[in-house]
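Each remark here refers to the structure printed beneath this line.
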Amino acid sequence: MEGLRTSKANLVVYIHPSKANKVSQAILRELSSLLFKFNEIFDGVVLAYDVGVRNETARILPGVHPFFGVKLTAELLLFSPKPDMLVEGKVVRIGEDSINLVVLAFSSVSILQEDIRKDFRYKIKHGEELLASRSHKRHMIKVGSTVRFLVKSFDEEILHISGSLIPSHTGNVDWLDKHVEEGSQSESRSIKRERETSKVKAGLDSEVHSEDTTMNSERRRSKKSKRGD
């Protein structure tokens, strides 16, 4: 899935002197406060981190409350969806005018009717709301389906994504992956048939050439024998 990336960062965590005997806990508490929030410095939502202390010597900062700074090296997992990226989410609601999804269990997504291609039609089957493809009967989107969609915009304040199902390579992930796999197999079979046809054609051309050579040799021998007579 696009939109996920890792980033290495050098950080300084400022800790209150009262936490001097529990530095590790204080560091983890500070870093945990970054989780599932958009960070402008890293240009993404921090999902996870792996941290190591760069320097065990802390620097005391002057002031009314003399905090001390601890230098860290952290590897961060970031979620940073940009327009035209392909992102995947789980469907939580399907309506006649829109569908709603959730990405990575924290970011909400809405796809309006105008951003759903005409191939999908809303229907209720056995009391269940779904989107069904007109051209591929087995391509359906239901509540609980994992859907691949195109990002239109991302609201960094509320972590909300506006998505689109207009492109043909968006839709139910299970169906799309299977369709691509079948397409690859079909393409492989087509290439194999072309190669076999080329081999047969080459064999026939070789036989024709051989027959032409034989006939030409016989004609030359026939002409020589007539001259000898």
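Using the UniProt record's numbering, read the sequence shown as starting at 1 and increasing by one per residue.
Using N, Cα and C, we set each Cβ at its ideal position, and we do this for glycine too.
Pair within 8 Å by beta-carbon distance, residue i and residue j
i	j	result
Leu-104	Phe-79	yes
Gln-113	Ser-98	yes
Ile-27	Leu-72	yes
Asp-115	Leu-165	yes
Val-151	Val-70	no
Phe-120	Ser-133	yes
Rounded C-alpha distance that separates residue i from residue j
i	j	result
His-169	Leu-176	7 Å
residue 230	Leu-34	It is not possible to answer for residue 230, since the shown part of the chain is limited to 1 through 229.
Ile-141	Leu-130	6 Å
Phe-38	Asn-10	18 Å
Met-85	Ser-153	10 Å
Gly-127	Arg-93	14 Å
Ile-124	Phe-149	22 Å
Val-87	Arg-5	13 Å
Val-180	Ser-18	59 Å
His-16	Asp-174	51 Å
Supposed contact pair residue j and residue i - C-beta distance, whole angstroms, cut 8 Å
i	j	result
residue 302	Ser-107	Since the first residue shown for the chain is 1 and the last is 229, residue 302 is missing from the structure and cannot be characterised.
Val-91	Gly-144	6 Å
Gly-89	Val-147	6 Å
Asp-50	Ala-74	7 Å
Residue closest to residue i, alpha-carbon to alpha-carbon, out of the options
i	options	result
Asn-21	Phe-68, Pro-81, Lys-118, Ser-153	Phe-68
Ser-7	Val-87, Val-45, Val-23, Met-1	Val-45
Lys-118	Lys-178, Lys-19, Gly-171	Gly-171
Arg-138	Lys-178, Leu-31, Ile-124, Phe-149	Lys-178
Glu-2	Asp-174, Pro-167, Lys-82, Ile-15	Lys-82
Check: residue i C-beta below 7 Å from any heavy atom of the ligand SAH
i	result
Lys-137	No copy of the ligand SAH appears in this structure; indeed no ligand is present at all.
| Every unbroken beta strand (DSSP E) within the stretch 85 to 150, with a cutoff of 3 residues, ordered by chain | 86 to 94, 98 to 103, 107 to 112, 120 to 125, 128 to 133, 140 to 142
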